[in-house]
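Remarks on the structure that follows.
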Amino acid sequence: MSGKLKWTSRANAQESEEISRKLKSHDLSAKNSLFDMDMANAAKGVPNISALTAAMHLIRSNLGAGVLNLPWAFAQVGWEWGLALSVVIALQGVYCMHLLASVNLALAPGGGATFTQLADVTLGKHGRYASQICIFALQTGVCCVFVELVSTNLRPFFPDSINEVPVLGDRVVTLLVAPAFLALAMLQTIRDLTWLTFMGNALMALTICSAIATSVTRLVERGVPAANASPRLPSNEDVSLFIGSMFFAFEGMGTVMPVANAYGDSRKFLRILSLAMGTLATIFIATGLLCSLSFEKIDNGSIVAYLQDEVGGW
Numbered sequence: 157m158s159g160k161l162k163w164t165s166r167a168n169a170q171e172s173e174e175i176s177r178k179l180k181s182h183d184l185s186a187k188n189s190l191f192d193m194d195m196a197n198a199a200k201g202v203p204n205i206s207a208l209t210a211a212m213h214l215i216r217s218n219l220g221a222g223v224l225n226l227p228w229a230f231a232q233v234g235w236e237w238g239l240a241l242s243v244v245i246a247l248q249g250v251y252c253m254h255l256l257a258s259v260n261l262a263l264a265p266g267g268g269a270t271f272t273q274l275a276d277v278t279l280g281k282h283g284r285y286a287s288q289i290c291i292f293a294l295q296t297g298v299c300c301v302f303v304e305l306v307s308t309n310l311r312p313f314f315p316d317s318i319n320e321v322p323v324l325g326d327r328v329v330t331l332l333v334a335p336a337f338l339a340l341a342m343l344q345t346i347r348d349l350t351w352l353t354f355m356g357n358a359l360m361a362l363t364i365c366s367a368i369a370t371s372v373t374r375l376v377e378r379g380v381p382a383a384n385a386s387p388r389l390p391s392n393e394d395v396s397l398f399i400g401s402m403f404f405a406f407e408g409m410g411t412v413m414p415v416a417n418a419y420g421d422s423r424k425f426l427r428i429l430s431l432a433m434g435t436l437a438t439i440f441i442a443t444g445l446l447c448s449l450s451f452e453k454i455d456n457g458s459i460v461a462y463l464q465d466e467v468g469g470w
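The sequence shown runs 157 to 470 under my numbering.
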C-alpha cells in the first residue's frame with residue numbers, strides 16, 4: 157500500500173513539474189488572444205488592479221442587458237418555476253467561474269497563466285483551439301444580442317416616424333448603436349476599462365433599482381395579480397427560453413481569467429469572485445421575480461421598454 161502511495165505521489169510530482177514546464181515555456185508577453193492582453197501587459201510592468209476594481213469588472217461583465225430580459229423570462233414560466241430554475245442556473249454559473257479560477261490557482265499560483273495557456277496545458281493544442289472557438293462564439297452571440305437589446309431600449313427616444321416602421325426602426329437604431337461598441341474594442345486592457353466599468357455599473361444599478369422600486373410599489377398598492385398568484389406548469393419551450401435567458405444574463409465567463417490575472421493574488425480573487433457573483437445572482441433573481449409578480453403580462457424582452465409603455469414617468 158505504501159509503495160502505491162509513493163508511486164502516486166511521485167507521479168503527481170512529475171505531473172506538476174510537467175505543468176510548470178509547459179507554463180514556463182509560454183511567452184507571457186505573447187498576445188495569444190484578446191483575453192490575454194492584460195497578462196501580457198502585466199509582464200511588461202503594468203500595475204495590478206485593486207480588489208474593488210476586480211469586483212466591479214466581474215459585476216459589470218455580467219450586469220448587462222441580459223438582466224433586463226429576466227422579468228419577461230420569469231413571466232413565461234411563472235414565478236415558482238422561475239425561482240427554482242434561476243437558483244440552479246446561478247449556482248451552476250458561479251461554480252463554473254469558481255472552477256476556472258481554482259484551476260488557474262492550482263496550475264499557476266502566482267496568476268501567471270492566461271486563458272489559452274491553461275487550455276493548452278489541460279486540454280492540449282486541439283483543446284486550446286476548441287476553447288478559443290467556443291469563447292469567440294459565446295462572446296459574438298452575447299454581443300449581437302446585447303446590441304439588439306440596447307437598440308430596443310433606445311427606440312422610445314427616437315421619432316415616431318422611425319419607430320412606426322418596425323424593421324426600419326430596428327435597423328436604424330442598431331446601425332447608430334453599433335459604432336459605439338466598435339470603438340470600445342480599442343480599449344484592450346482591464347485597466348483601460350475601469351472608468352467605463354464604474355459608470356456602467358452606476359447606470360445599471362440605477363435602472364435595476366428603479367425597476368424593482370416600481371414593482372414593489374405596485375405590489376404594495378395592488379397586490380399580486382390573480383394571473384400571477386396561481387401556480388402553473390410551463391411548456392418545454394418556455395423552460396428552454398428561460399434557461400437561455402439566464403445563461404445570457406451570466407455572460408461574463410470570458411472575463412474571469414483576464415480579471416484574475418490583472419488582480420494578481422489568485423487566492424484572494426476566489427473570495428472576490430464568490431462575493432461578486434453571489435451579489436449578481438441575488439440581483440438577477442430579485443429583478444426577475446419582483447417585476448414578473450408585479451405585472452400580469454410582460455410582453456417585451458426589456459423591462460425598461462415595457463415600463464415606458466406601462467407606467468407613466470418612465
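Just so it is clear, CB atoms sit at the ideal spot from N, CA and C, and this is done for glycine as well.
Residue from the options whose Cα sits closest to the Cα of residue i
i: LEU214; options: ASN417, ALA461, ALA339 and GLY408; result: GLY408
i: VAL380; options: SER450, PHE337 and SER396; result: SER450
i: ALA229; options: LEU389, LEU446, ILE439 and ASP394; result: ASP394
i: SER217; options: GLY420, GLY457, LEU429 and LEU463; result: LEU429
i: THR411; options: GLN295, VAL328 and ASP455; result: GLN295
i: ILE441; options: LEU359, SER242, VAL259 and HIS282; result: SER242
i: ASN357; options: ALA275, LEU436 and SER258; result: LEU436
i: GLY238; options: MET342, LYS281, ARG388 and VAL467; result: ARG388
i: VAL376; options: ALA341, LEU446 and ALA339; result: LEU446
i: ALA207; options: CYS252, THR350, VAL250 and ALA341; result: THR350
Beta carbon of residue i nearer than 8 Å to that of residue j
i: ALA334; j: VAL303; result: yes
i: PHE425; j: ALA246; result: no
i: SER448; j: TRP235; result: yes
i: LEU226; j: GLY434; result: no
i: THR370; j: LEU463; result: yes
i: MET212; j: PHE406; result: no
i: PHE292; j: MET413; result: no
i: SER287; j: ALA275; result: yes
i: LEU219; j: MET360; result: yes
i: THR278; j: VAL259; result: yes
i: LEU261; j: SER422; result: yes
Cut-off 7 Å between Cβ atoms - residues of its own chain near residue i, not counting five sequence neighbours on either side
i: GLN232; result: PRO390, ASP394, LEU397 and PHE398
i: VAL306; result: ALA221 and VAL333
i: ILE364; result: VAL223, ILE439 and THR443
i: VAL301; result: PHE404
i: ASP192; result: Any reading at ASP192 must be qualified, since the residue scores a pLDDT of 45, below 50, and its modelled position is unreliable; no value is offered.
i: ASP465; result: none
i: GLY201; result: Below a pLDDT of 50, predicted positions are generally treated as unreliable, and GLY201, at 39, falls in that range; the measurement from the model is reported next regardless. Taken in chain order, the list of residues that qualify is empty.
i: VAL467; result: THR370
Same chain, Cβ closer than 6 Å to residue i, five either side skipped, listed in chain order
i: ALA210; result: VAL415, TYR419 and ILE428
i: ALA432; result: ALA211, LEU214 and ILE215
i: ARG374; result: SER450
i: GLY457; result: ASN225 and TRP228
i: ASP183; result: Residue confidence for ASP183 is low, a pLDDT of 45 falling below 50, so the modelled location carries little weight; the figure read from the coordinates is stated next. Once the five neighbours on either side are set aside, ASP183 has no close Cβ partner at all.
Own chain residues within Cβ distance below 8 Å of residue i, not counting five before or after
i: ALA240; result: none
8 Å Cβ cutoff, residue i in contact with chain D
i: SER422; result: The question asks about chain D, but that chain is absent: this structure has only one protein chain.
Could you tell me which whole alpha helix (DSSP H) segments of length 4 or greater appear in the region 370 to 431? 382 to 385, 392 to 405 and 412 to 419
Can you list the alpha helix (DSSP H) stretches of 4 or more residues lying completely in the region 215 to 250, in chain order? 222 to 233
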